[in-house]
Amino acid sequence: MRAAPQVVLGGRYRLTRQIAVGGMGEVWAAHDESLQRDIAIKVLREEFAGDVGFLERFRTEARNAGSLSHPGIAALFDYGEQDGSAFLAMELVVGEPMSDLLEREPVLPPRRLLPILAQTARALHAAHLAGVVHRDVKPGNILITPTGKVKITDFGVSLSSNQVPMTATGMVMGTAQYLSPEQAVGGPATAASDMYALGIVAYEALVGHRPFTGPTAVDIAVAHVNTPVPPLPSSVDRPIAQLVMRLLSKDPSERPGDAEELARMFDALVPHTPAGGNAPVSIVPGRSASRGAPAPAPAPASPRRGAPTGGRPSEAGAQRVRGSAAPPSRAHDAAPPSFDPRTGRPTGAAGVPAPTYRTPGAHSHPTTRAHARVQPGAGQGRFHVRWPLLVLAVLVVALLGAALADRLTGATGLDGPLGDPGYARAEPAGGMISPHVPGATAPDARTTTAKDA
Numbered sequence: 000m001r002a003a004p005q006v007v008l009g010g011r012y013r014l015t016r017q018i019a020v021g022g023m024g025e026v027w028a029a030h031d032e033s034l035q036r037d038i039a040i041k042v043l044r045e046e047f048a049g050d051v052g053f054l055e056r057f058r059t060e061a062r063n064a065g066s067l068s069h070p071g072i073a074a075l076f077d078y079g080e081q082d083g084s085a086f087l088a089m090e091l092v093v094g095e096p097m098s099d100l101l102e103r104e105p106v107l108p109p110r111r112l113l114p115i116l117a118q119t120a121r122a123l124h125a126a127h128l129a130g131v132v133h134r135d136v137k138p139g140n141i142l143i144t145p146t147g148k149v150k151i152t153d154f155g156v157s158l159s160s161n162q163v164p165m166t167a168t169g170m171v172m173g174t175a176q177y178l179s180p181e182q183a184v185g186g187p188a189t190a191a192s193d194m195y196a197l198g199i200v201a202y203e204a205l206v207g208h209r210p211f212t213g214p215t216a217v218d219i220a221v222a223h224v225n226t227p228v229p230p231l232p233s234s235v236d237r238p239i240a241q242l243v244m245r246l247l248s249k250d251p252s253e254r255p256g257d258a259e260e261l262a263r264m265f266d267a268l269v270p271h272t273p274a275g276g277n278a279p280v281s282i283v284p285g286r287s288a289s290r291g292a293p294a295p296a297p298a299p300a301s302p303r304r305g306a307p308t309g310g311r312p313s314e315a316g317a318q319r320v321r322g323s324a325a326p327p328s329r330a331h332d333a334a335p336p337s338f339d340p341r342t343g344r345p346t347g348a349a350g351v352p353a354p355t356y357r358t359p360g361a362h363s364h365p366t367t368r369a370h371a372r373v374q375p376g377a378g379q380g381r382f383h384v385r386w387p388l389l390v391l392a393v394l395v396v397a398l399l400g401a402a403l404a405d406r407l408t409g410a411t412g413l414d415g416p417l418g419d420p421g422y423a424r425a426e427p428a429g430g431m432i433s434p435h436v437p438g439a440t441a442p443d444a445r446t447t448t449a450k451d452a
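If you read the sequence shown in numbering that gives the first Met the number 0, its first letter stands for residue 0, the second for the next number, and so on.
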């Protein structure tokens with residue numbers, strides 16, 4: 000039977016276009032007319048049709064591939080024979096073989112290569128657990144999807160643990176460039192043989208060429224057995240080079256224990272770049288993320304909406320009461336304003352200074368101009384900036400009037416309204432204002448209010 004477009008196999012698979020040609024078969028894209036889906040069909044090459052040996056190998060590939068189920072292995076759907084030939088209906092993988100990728104980019108960066116190798120190793124491990132050795136691991140049998148997923152395919156020369164040997168003694172199966180030393184001398188292929196072949200793939204992708212070459216397949220096979228592996232260039236990271244050289248050990252026992260262990264080794268070597276920025280940290284009041292360290296004080300809430308004021312303390316939070324101990328602070332409490340916006344009086348009870356709050360890490364010494372130079376919080380600027388200026392202006396006018404009255408009357412003290420304790424008196428230092436509540440005895444402690452410099 001000769002494969003061609005529009006040829007129907009098995010009464011349901013219509014061939015559409017040829018994808019690739021291998022040593023034993025041709026791979027075609029086809030359409031499954033029963034299930035209305037696109038698939039891949041591997042057809043025995045025309046010159047091998049009717050050959051009992053090749054037909055048996057197709058049946059063996061169908062049994063071995065059909066026993067595997069793994070996301071990294073192209074799934075087998077069906078097997079059939081027609082007109083002395085055979086075909087396999089398989090999953091159609093949208094992507095390209097790794098051989099095409101290496102043809103465009105002979106050297107792959109580790110960040111791109113190592114995930115491909117790790118996925119391939121995991122797929123091989125699934126096959127090994129099922130008792131199947133691939134025996135032909137090479138870039139042409141590693142398919143890569145546009146999303147970077149790996150699918151291994153072509154179990155045409157695979158060997159199953161319960162399979163009757165189909166090769167004569169000393170006969171070699173596989174591709175010479177990726178052949179393990181034990182296979183080259185006619186020994187049985189094992190899981191370690193597949194890992195050696197994957198090591199050759201890794202070497203080729205890291206330096207742009209295979210470690211062993213020769214004029215004939217026999218020369219290459221002999222080199223695998225007798226020639227030391229050329230060292231990888233210094234441009235390859237040392238841990239990666241060490242792992243690849245371990246995979247290419249002549250002694251199978253020196254290679255990783257299994258393909259799953261190898262996959263984890265590849266994963267550990269993938270370069271990781273920090274995404275940038277600090278990870279979110281949960282802050283407990285009074286504690287930071289590090290054990291026992293004091294936490295920074297949170298931004299006070301806006302009196303209107305309770306929104307943070309940008310991380311700067313409010314004017315009320317900067318106040319201190321001289322000579323008095325401040326009550327314990329809570330990180331989530333915001334300090335109240337100094338005055339009631341409606342009455343202009345302190346927020347505390349009559350005759351009692353307004354309560355003050357200490358922020359974490361604050362000192363108990365009297366506030367200074369350096370402490371007072373703060374940005375008013377949202378919604379507080381109008382009251383905290385204009386009210387002290389208004390009081391100061393009234394005080395200056397009152398003092399000027401008192402001085403004029405003193406000159407005119409010859410009085411030695413301030414009489415009248417200026418003597419009333421309900422009015423503000425001049426603070427001797429810094430032009431600060433010390434308000435007192437009318438009708439109440441002024442406390443010994445003085446309260447200073449921060450103002451903009």
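The beta-carbon is built from N, C-alpha and C at its ideal position, and this holds for glycine as well. It should be emphasised that the depicted structure is a prediction, and the values quoted were computed from it without experimental measurement.
Neighbourhood of residue 265 by C-beta, 8 angstroms cutoff - its chain only, sequence neighbours within 5 removed
Walking along the sequence shown from the start, residue 265 turns up at place 266. Contacts found: 113, 114, 116, 117, 120 and 242.
C-alpha distance - residue 227 paired with residue 248, whole-angstrom precision
Along the sequence shown, read from residue 1 onward, the residue named residue 227 stands at position 228. Along the sequence shown, read from residue 1 onward, the residue named residue 248 stands at position 249. Approximately 9 angstroms, taken between the alpha carbons.
So, at 7 angstroms on beta carbons, what are the nonlocal neighbours of residue 49 in its own chain, with the 5 sequence-adjacent residues on each side left out?
For the purposes of this step, residue 49 is taken as the residue at position 50 of the sequence shown. Counting only Cβ-Cβ distances below 7 angstroms, and skipping sequence neighbours, we find 83.
Inside the segment 217–271 only - alpha helix (DSSP H) runs reaching at least 4 residues:
237–246 and 258–268
Terminal residues of the continuous beta strand (DSSP E) containing residue 89?
Reading the sequence shown from its first residue, position 90 is the one you call residue 89. It spans 84–89 - the beta strand (DSSP E) in which residue 89 sits, taken as one unbroken run.
For residue 19, which residues in the same chain have their Cβ closer than 6 angstroms to its Cβ, ignoring the five residues on either side in sequence?
Here residue 19 refers to the residue found at position 20 when the sequence shown is read from its first residue. So the qualifying residues of the chain are 26.
Please give me, in chain order, every unbroken run of the beta strand (DSSP E) with length at least 3 that falls completely inside the segment 44–107.
75–81 and 84–89
Determine contact between the segment 251–265 and the segment 176–190, defined as no fewer than three beta-carbon pairs at a distance below 8 angstroms.
yes
Where residue 15 falls: helix, strand or coil (DSSP):
Against the sequence shown, residue 15 aligns to sequence position 16. Residue 15 carries a strand assignment under DSSP once its states are collapsed to helix, strand and coil.
Hey, how far is the Cα of residue 55 from the Cα of residue 236?
Residue 55 sits at position 56 when you count from the first residue of the sequence shown. Residue 236 sits at position 237 when you count from the first residue of the sequence shown. Taking the straight line from one Cα to the other gives about 45 angstroms.
Quick one: residues in its chain with C-beta nearer than 7 angstroms to the C-beta of residue 196, no 5 flanking neighbours on either side, listed in chain order?
What you label residue 196 is simply residue 197 of the sequence shown in a count that begins at 1. Cβ within range, chain order: 136, 137, 177 and 179.
Output the distance between the C-alpha atoms of residue 51 and residue 77, rounded to the nearest integer angstrom.
As a working mapping, residue 51 is identified with position 52 in the sequence shown. As a working mapping, residue 77 is identified with position 78 in the sequence shown. Between residue 51 and residue 77, the C-alpha separation is close to 20 angstroms.
Element boundaries [beta strand (DSSP E), containing residue 25]:
By 1-based counting over the sequence shown, the position of residue 25 is 26. First-last of the beta strand (DSSP E) with residue 25: 24–31.
Going straight from the alpha carbon of residue 221 to that of residue 204, what length do you get?
On the sequence shown, residue 221 is found 222 positions in, with the first residue counted as 1. On the sequence shown, residue 204 is found 205 positions in, with the first residue counted as 1. Using only the alpha carbons, I get a separation of about 22 angstroms.
With the cut-off set at 7 angstroms, would you say residue 455 and residue 259 are in Cβ contact?
Only positions 0 to 452 of the chain appear in this structure, which leaves residue 455 out of reach.
May I ask you to list the residues that DSSP assigns as paired with residue 39?
Here the question's residue 39 lines up with position 40 in the sequence shown. 28 and 89.
Indicate the three-state DSSP secondary structure (helix, strand or coil) for residue 34 in the structure shown.
Translated into positions along the sequence shown, residue 34 becomes position 35. Here residue 34 sits in coil by DSSP.
Given a cut-off of 7 angstroms, decide if residue 145 and residue 207 are closer than it, judged by their beta-carbon atoms.
Looking up residue 207 in the sequence shown gives position 208. Looking up residue 145 in the sequence shown gives position 146. No, the pair does not count as a contact, with Cβ atoms beyond the cut-off.
Helix, strand or coil for residue 205, going by three-state DSSP, please let me know.
By 1-based counting over the sequence shown, the position of residue 205 is 206. Residue state for residue 205 is assigned as helix, using DSSP reduced to three classes.
Can we count residue 139 as close to the ligand GDP, meaning its CB is less than 6 angstroms from some heavy atom?
Looking at this structure, you won't find the ligand GDP or any other ligand, since it has none at all.
With respect to the beta strand (DSSP E) encompassing residue 116, which residues constitute its N-terminal and C-terminal limits?
Stepping through the sequence shown from its first residue, residue 116 is reached at position 117. For residue 116, there is no enclosing beta strand (DSSP E); the enclosing alpha helix (DSSP H) has its first and last residue at 109–128.
Give the DSSP bridge partners of residue 142, in chain order.
In the sequence shown, residue 142 corresponds to position 143, counting from 1. Partner(s): 96 and 150.
Which residue or residues does DSSP assign as beta-bridge partners of residue 20?
Here residue 20 refers to the residue found at position 21 of the sequence shown. Residue pairing by DSSP places residue 20 opposite 25 in a beta bridge.
Is the CB-CB distance between residue 43 and residue 24 below 7 angstroms?
Here residue 43 corresponds to residue number 44 of the sequence shown, with the count starting at 1. Here residue 24 corresponds to residue number 25 of the sequence shown, with the count starting at 1. Going by C-beta atoms, residue 43 is nearer than 7 angstroms to residue 24.
Consult DSSP for residue 178 and reduce its assignment to one of helix, strand or coil.
One-based indexing of the sequence shown puts residue 178 at position 179. It is coil, neither helix nor strand.
Go ahead and pull the three-state DSSP assignment for residue 6.
Along the sequence shown, one-based indexing puts residue 6 at 7. Three-state result, residue 6: coil.
Within 10 angstroms of its Cβ, does residue 7 collect 16 or more other Cβ (buried), or is it exposed?
Position 8 of the sequence shown, counted from the start, is the residue given in the question as residue 7. Answer is exposed; the Cβ neighbour count stays below 16.
Return the CA-CA distance between residue 93 and residue 142, expressed in angstroms with no decimal places.
Within the sequence shown, the letter at position 94 stands for residue 93. Within the sequence shown, the letter at position 143 stands for residue 142. Those two C-alpha atoms are separated by around 9 angstroms.
Can the beta-carbon of residue 155 be found less than 7 angstroms from the beta-carbon of residue 96?
As a working note, residue 155 is residue 156 in the sequence shown. As a working note, residue 96 is residue 97 in the sequence shown. Cβ atoms of residue 155 and residue 96: not closer than 7 angstroms.
Count the other C-beta atoms from every protein chain shown that fall within 10 angstroms of the C-beta of residue 215, then say buried if there are 16 or more, exposed otherwise.
Within the sequence shown, numbered from 1, the residue matching residue 215 stands at position 216. It is exposed - the Cβ of residue 215 has fewer than 16 other Cβ atoms within 10 Å.
Taking a contact to mean a Cβ-Cβ separation below 7 angstroms, would you say residue 38 touches residue 75 in this structure?
Looking up residue 38 in the sequence shown gives position 39. Looking up residue 75 in the sequence shown gives position 76. No.
What is the DSSP secondary structure of residue 184, counted as helix, strand or coil?
On the sequence shown, residue 184 is found 185 positions in, with the first residue counted as 1. Residue 184 falls in the coil class under three-state DSSP.
Spatially closest choice to residue 202 from 234, 189 and 187, by CA coordinates
Residue numbering aside, residue 202 sits at position 203 when the sequence shown is read from its first letter. For residue 202, the nearest C-alpha among the options comes from 234.
Tell me the DSSP secondary structure of residue 0 in three-state form.
Sequence index remark: in the sequence shown, residue 0 carries index 1 (1-based). Reduced to three states, the DSSP call for residue 0 is coil.
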